[in-house]
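Report on the structure given below.
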Amino acid sequence: MTTLTSRPAILPQLDALRVLKLSGALWFVIAVIGQAAFAAYILGFYGVSTAQGDFERMDGRVFHGFIDGDLLGNSLFLSHVLLAFIITFGAPFQLIPQIRNRFRTFHRWNGRLFLMVAVVISTGALILVYHRGVIGGAFVATGNTINAVCILVFSAMTLRFALKRRFADHHRWAMRLFIAASGVWFFRLGFGFWAGITGGTMPGSAMDLTGPFDRFLGIGHAIIPLLVLELYLLARDRGSSTARYAMAGGMVAASAATALGIFMAAQIFWLPALH
1 MTTLTSRPAI LPQLDALRVL KLSGALWFVI AVIGQAAFAA YILGFYGVST AQGDFERMDG
61 RVFHGFIDGD LLGNSLFLSH VLLAFIITFG APFQLIPQIR NRFRTFHRWN GRLFLMVAVV
121 ISTGALILVY HRGVIGGAFV ATGNTINAVC ILVFSAMTLR FALKRRFADH HRWAMRLFIA
181 ASGVWFFRLG FGFWAGITGG TMPGSAMDLT GPFDRFLGIG HAIIPLLVLE LYLLARDRGS
241 STARYAMAGG MVAASAATAL GIFMAAQIFW LPALH
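Position 49, counted from 1, in the sequence shown is what full-length UniProt numbering calls 49; the numbers after and before it change by one each time, with no gaps.
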């Protein structure tokens with residue numbers, strides 16, 4: 001006689017930390033795709049326009065581009081948009097573990113170049129904000145100032161912990177620097193996302209960036225992505241399983257929002273300029 005015994009089914013258990021890390025990786029992959037598109041736009045539009053000496057073409061896409069007689073402002077503006085390619089293209093390589101661990105010489109030199117360019121760009125941006133002013137007024141100027149100061153501070157902290165060989169701390173500050181250095185990208189994604197969810201009507205946004213949404217985004221683009229990162233790091237390092245699952249859900253939502261922002265920003269800003 002055969003005795004049948006029942007055993008509970010062995011189901012794969014999803015570890016909360018693993019789920020959270022996978023959600024973070026999902027956002028990062030989407031962000032890399034979006035930043036590659038932004039880098040292609042910078043190279044294809046600003047790079048080609050500079051090579052052709054067609055500076056009037058740039059003025060059709062930006063506020064306060066080239067101004068007759070403003071040698072300092074024009075030099076800072078041109079260096080800002082061209083060096084932005086290095087920031088946008090090179091930054092993701094620093095955060096990919098397989099590259100960081102296998103190609104350490106590349107990681108060190110690419111990191112040094114990134115830090116140098118980040119400091120130059122953020123310093124130049126601060127000078128431009130208060131030398132020329134910015135479209136959108138005080139809110140956009142405040143957001144740009146916060147963003148530039150964060151880049152300078154995060155660059156110093158990233159270098160400090162690398163030199164001390166405290167690589168866990170170095171990596172955290174590098175993540176913060178990556179987010180802060182993507183401020184211009186987040187600004188455009190914010191408009192793309194808003195256009196996407198409002199069907200292109202974009203209430204609260206004005207051509208001179210003085211609408212309620214413009215003011216919110218003017219400061220929010222420098223703060224909100226950093227707050228999301230801090231919540232992610234807090235959940236990853238010290239969160240309970242419930243907090244990690246909740247944060248993973250938030251990261252999936254952020255991934256969807258980022259993907260929509262990238263798609264709409266490409267339609268509104270990047271592809272028309274290249275055409």
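Note that CB positions come from ideal geometry on N, CA and C, so glycine has one too.
Rounded straight-line distance, which links the Cα of residue j to that of residue i
i    : j    : result
V117 : I86  : 8 Å
P225 : A259 : 15 Å
Y23  : M251 : Per the sequence shown, residue 23 should be read as Ser rather than Tyr. About 6 Å.
H221 : I268 : 18 Å
P97  : I42  : 26 Å
T123 : Q52  : 27 Å
L113 : G218 : 28 Å
L231 : F103 : 30 Å
V149 : G196 : 30 Å
A273 : F139 : 26 Å
R166 : T145 : 29 Å
G192 : K164 : 40 Å
A174 : L83  : 19 Å
T34  : S240 : The sequence as given places Gly at residue 34; Thr does not occur at that position. Their backbone Cα atoms lie some 31 Å apart in a straight line.
I151 : T88  : 14 Å
I127 : V134 : 11 Å
H131 : F77  : 11 Å
A37  : A235 : 30 Å
I121 : S79  : 8 Å
V119 : A156 : 9 Å
Buried or exposed by the 16-neighbour rule on C-beta atoms within 10 Å, applied to residue i
i    : result
V81  : buried
S49  : buried
D214 : buried
T158 : buried
L4   : Note on L4: pLDDT 46, under 50, position unreliable in the model; no value is reported.
H170 : buried
G249 : exposed
P212 : exposed
R172 : buried
Y46  : buried
I10  : Its pLDDT being 40, under 50, I10 is placed unreliably in this model, and the value from its coordinates should be taken loosely. Under this definition I10 is an exposed residue.
T105 : exposed
R238 : exposed
L190 : For clarity, residue 190 is Gly in the given sequence; the question names Leu instead. Answer is buried; the Cβ neighbour count reaches 16.
| message | Any contact between the stretch 236-250 and the stretch 16-34? By contact I mean 3 or more CB pairs, one from each, below 8 Å. | response | yes
| field | contact_flag[the stretch 247-261, the stretch 30-47] where n(CB pairs < 8 Å) is 3 or more | value | yes
| task | Give, in chain order, every unbroken run of the beta strand (DSSP E) that is at least 3 residues long and sits entirely within the stretch 140-169. | result | none
| request: Kindly provide the ranges of any alpha helix (DSSP H) runs that are 4 or more residues long and lie completely inside the stretch 10-56, ordered along the chain. | output: 16-41 and 48-52
| At what residue ranges does the stretch 87-141 contain a whole run of the alpha helix (DSSP H), taking only runs of 4 or more? | 97-102 and 104-132
| message | With a threshold of 8 Å, are at least 3 pairs of Cβ atoms found where one atom belongs to the stretch 182-189 and the other to the stretch 198-212? | response | no
| request: Can you check the stretch 175-218 for any alpha helix (DSSP H) of at least 4 residues that lies completely inside it and give the ranges in chain order? | output: 183-197
| request: Please specify which runs of the alpha helix (DSSP H), each continuous and at least 4 residues long, are wholly inside the stretch 213-262, giving them in chain order. | output: none
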